[in-house]
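Residue numbers (my numbering): 19 to 82.
1) Mapping the DSSP letters down to three states, classify residue 63 as helix, strand or coil.
2) Verify whether the separation of the beta carbon atoms of residue 67 and residue 22 is less than 8 Å.
3) Mind checking who residue 49 pairs with in its DSSP beta bridge?
4) To the nearest whole angstrom, what separates the beta carbons of residue 20 and residue 45, a pair I think is in contact under 8 Å?
5) Relative to the C-alpha of residue 70, which candidate in 36, 63, 78 has its C-alpha closest?
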């Protein structure tokens with residue numbers, strides 16, 4: 019189980035990686051894109067990276 023699950027679109031992966039590094043430096047474990055709703059439910063927190071790219075992604079919006 020990850021402390022923080024970070025979800026983003028491919029275009030925002032550099033920003034998501036920077037966020038992950040900050041959380042890891044603070045002692046949190048990080049999970050990547052959830053493969054199921056269970057991954058999100060079992061994490062301590064979910065962080066969604068919203069951007070112009072993410073709001074143009076229909077699959078991302080449907081999942082959100």
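The beta-carbon is built from N, C-alpha and C at its ideal position, and this holds for glycine as well. Remember, predicted model here, so these are calculated numbers, not experimental data.
Short version:
1) The residue labelled residue 63 in the question sits at position 45 within the chain shown. In the structure shown, residue 63 sits in a strand (DSSP, three-state: E or B).
2) Mapped onto the chain shown, residue 67 falls at position 49. Mapped onto the chain shown, residue 22 falls at position 4. No.
3) The residue given as residue 49 occupies position 31 in the chain shown. DSSP output for residue 49 lists 23 as bridge partner(s).
4) For the purposes of this step, residue 20 is taken as the residue at position 2 of the chain shown. For the purposes of this step, residue 45 is taken as the residue at position 27 of the chain shown. Residue 20 to residue 45, Cβ: 13 Å. No contact.
5) As a first step, residue 70 must be located in the chain shown, where it is residue number 52. The shortest Cα separation from residue 70 among 36, 63, 78 belongs to 78.
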